[in-house]
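First residue of the sequence shown? That's 1 in the UniProt record's numbering, and the numbers climb one at a time after it. The beta-carbon is built from N, C-alpha and C at its ideal position, and this holds for glycine as well. None of the values given here were measured: they were computed from a predicted structure. I have placed the structure first, in the form of structure tokens, so that the comments after it can refer back to it.
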Amino acid sequence: MKLNDDSLRSYECFKCFKDNSDKVNAINFTSNGEKLISSSQDDSINVYDVINGKHLQTIYSKKYGVEMIKFTHCSTAVIHASNKVDDNLRYLSLHDNKYIRLYPGHTKKVISLSMSPTNDTFLSGSLDKTIRLWDLRTANCQALMQLPGKGLAAIDPEGLIFCVCISSDTCKLYDLRTFEQGPFLTFSLPPLHHEGNRVDVSSLRFSPDGKMLLLSWAGTQIALLDSFTGRSLHQLQILGTNSTQIDINACFTPDSRYIMAGSPEGRLYIWRVSNAQRIALLQSSEGGTSAGGFNASGKAGTISPLNIGALECNPQFSQIAVGQIQTSIWMPQINIDVPMEIPVDNAE
């Protein structure tokens, strides 16, 4: 099925998993779209079969905590950041429930983690003002980039270039094969101020077609940039949110035609990329679960909305994963029993 305005407006909950006692801080699909993993502030890792709507496994990381969880190229192995004891990265076997490798180096909270789609390379960014390049097969950091401020990093869908975002000011693009030579493109970011102070970027990602960069600022703002030139394409607004202490989670649909973002009030915004028009505002409401249901009207429900702490689109099927206190899988109303493959058609 090809996604369009009507199908996106019709999304409803296919399955709500009640496996957490605290907020979900990250979710990630396998590249084939068949499994989903979540990490939570309750130190749990949960694995789901999203085709059949089944919970498969729970693993706890009580000692180290868990954030920013990502599948590797194997559906039974993940990498994640830690939020207790230290700020090291960890490589976990889901099959054995054992850590395969520790990646030491960061001295402050890791705020970005990006896995190459083509090999075992991954990048991490931290509040310690460094970006580190890693290889899954060795614990040694492969390269270290010192920054003037906190850094976010993202690898493009072809695994050829990466983008580094520095605090609130600058983005730099590097060739992964020749990054020692410096960036091949540097551009300034659209300024965002809150109470007189510039607000730092809180998340960074490429569009699935590699043509755009999606940046989110804590609190209210999302920017869409041309990844080849750095030119600002659109700026999008989350309404009614003034806190800069809460990160906004945003993602592309697999065809790169739409952007979705979750708000602290539990609203899910959907915009059309071509003209930045908001085509849907889905709102947490009374829907039989504490995580809530969504309805297209945007009217408040009787259950208090919960912050959307994680949000991802399935890369292969017409599903949205929403992380609040629980993890919910959403699908369009039409043929909701059968996950529908999305042909990646980038034509306007």
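Would you please state the rounded distance, in angstroms, between the beta carbons of residue i and residue j? I believe it to be under 8 Å.
i, j, result
"Asn27", "Gly230", "Per the sequence shown, residue 27 should be read as Ile rather than Asn. Not confirmed; about 29 Å, so no contact."
"Ser112", "Ala154", "7 Å"
"Tyr48", "Phe17", "6 Å"
"Glu67", "Ala77", "That belief does not hold up - the Cβ atoms of Glu67 and Ala77 are roughly 17 Å apart, past 8 Å."
Closest to residue i by C-alpha separation, out of the options, would be which residue?
i, options, result
"Asn249", "Met212, Thr130, Asn307", "Asn307"
"His73", "Ser126, Arg137, Val110, Glu312", "Arg137"
"Pro148", "Gln237, Ser126, Ile161", "Ser126"
"Ser274", "Tyr258, Asp19, Leu281", "Tyr258"
"Leu92", "Gln181, Tyr64, Leu282", "Tyr64"
"Ile246", "Glu265, Gln142, Tyr269, Trp134", "Glu265"
"Ser31", "Leu189, Asn20, Val50", "Val50"
"Ala223", "Leu204, Lys211, Asp209, Asp5", "Leu204"
"Val238", "Lys98, Lys109, Ala276", "Residue identity check: residue 238 is Ile in the sequence provided, not Val. Ile238 has its Cα closest to that of Ala276, out of Lys98, Lys109, Ala276."
"Gln326", "Asp5, Ser7, Ser21, Trp134", "Ser21"
"Val201", "Pro117, Lys211, Ser168", "Ser168"
"Ile69", "Leu56, Phe122, Pro104, Asp19", "Phe122"
"Phe184", "Cys163, Pro191, Ser40", "Cys163"
"Pro104", "Asp86, Gln41, Ser328", "Asp86"
"Ser10", "Glu180, Met260, Leu282", "Leu282"
"Asn52", "Glu34, Thr220, Asp226, Leu233", "Glu34"
Residue i and residue j: beta carbons closer than 8 Å?
i, j, result
"Leu176", "Gly159", "yes"
"Arg198", "Ala139", "no"
"Ala310", "Asn25", "yes"
"Asp120", "Thr107", "no"
"Ile45", "Ser61", "yes"
"Ser318", "Leu3", "yes"
"Met331", "Phe14", "yes"
"Cys251", "Cys313", "yes"
"Lys54", "Ser40", "no"
"Gly210", "Ser232", "no"
Can you give me the start and stop residues for the alpha helix (DSSP H) that residue i sits inside?
i, result
"Asp6", "5-9"
Looking at the secondary structure, which residues open and close the beta strand (DSSP E) in which residue i lies?
i, result
"Leu92", "89-93"
"Tyr269", "267-272"
"Asn249", "249-252"
"Asp175", "170-175"
"Ala77", "77-81"
* What runs of the beta strand (DSSP E), each 3 residues or longer, lie entirely inside the region 186-243? -> 201-206, 212-217, 221-226, 232-237
* What runs of the beta strand (DSSP E), each 3 residues or longer, lie entirely inside the region 103-153? -> 110-115, 121-126, 130-135, 138-146
* At 3 residues or longer, and completely inside the UniProt repeat "WD" (17-58): list those beta strand (DSSP E) runs for me, N to C. => 24-29, 35-40, 44-49
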